[in-house]
Amino acid sequence: MVELLGLITANLIMVVIIFIVSIIPLYIAVKMLGGHTSLLKTSLVALLTGSVSLFITIKLSSYAGIVSFLATIVVYRFAFDVGFIRAFLAWLLQGVVLAGFFYLSFLLFL
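Here the sequence shown is numbered in our numbering, starting from 26 and rising by one per residue.
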């Protein structure tokens, strides 16, 4: 029982760390592009876009990627008070920063 509790706690900590690591690049990207956000707002938007993407994936299996992408851009546009181009750039910059972070962590822990 103690091992199970330790495993659940470790997994929960890992999920929280991954969530924080994933919202910081979005927060930085939105701030760089002149959007209005806070870390709490960015966290809520990340949860919303994740939930919307999950719902879309369940309902539309073949076109889920495209529809999820468009839904994410629309949510970013209205949540961060930016235009569609800046919402797309925030999404793109978030991906680049996240990829760079994972590449750097791969090199450090190789």
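Where a beta carbon is used, it is the ideal one built from N, C-alpha and C, also for glycine.
So is V107 buried or exposed if we call it buried at 16+ other beta carbons inside 10 Å? That one is buried.
Between A71 and W116, is the Cβ-Cβ spacing less than 9 Å? The Cβ-Cβ distance between A71 and W116 does not fall below 9 Å.
Proximity below 9 Å, CB of V40 to CB of L123: No, they are not a contact pair.
So for L85, helix, strand or coil by DSSP? DSSP places L85 in coil when its eight states are reduced to three.
Beta carbon of V92 nearer than 9 Å to that of T74: Their beta carbons are not under 9 Å apart, which means V92 does not touch T74 by this criterion.
Classify F127 as buried or exposed, calling it buried when 16 or more other Cβ atoms lie within 10 Å of its own Cβ. Exposed.
Nearest-angstrom Cα separation, counted from S87 out to L69: Using only the alpha carbons, I get a separation of about 27 Å.
Just tell me which of L58, S76 and L51 has its CA closest to the CA of L64. When the alpha-carbon of L64 is set against those of L58, S76 and L51, the nearest one is in L51.
Identify, in the order they occur along the chain, each residue of the same chain with its Cβ nearer than 7 Å to the Cβ of L58, setting aside the five sequence neighbours on each side. The beta carbon of L58 sits closer than 7 Å to those of V107, R111, L114 and A115, all from its chain and outside the five residues before and after it, given in chain order.
Is it the case that the Cβ atoms of A89 and S76 are separated by a distance below 9 Å? Not closer than 9 Å, so no.
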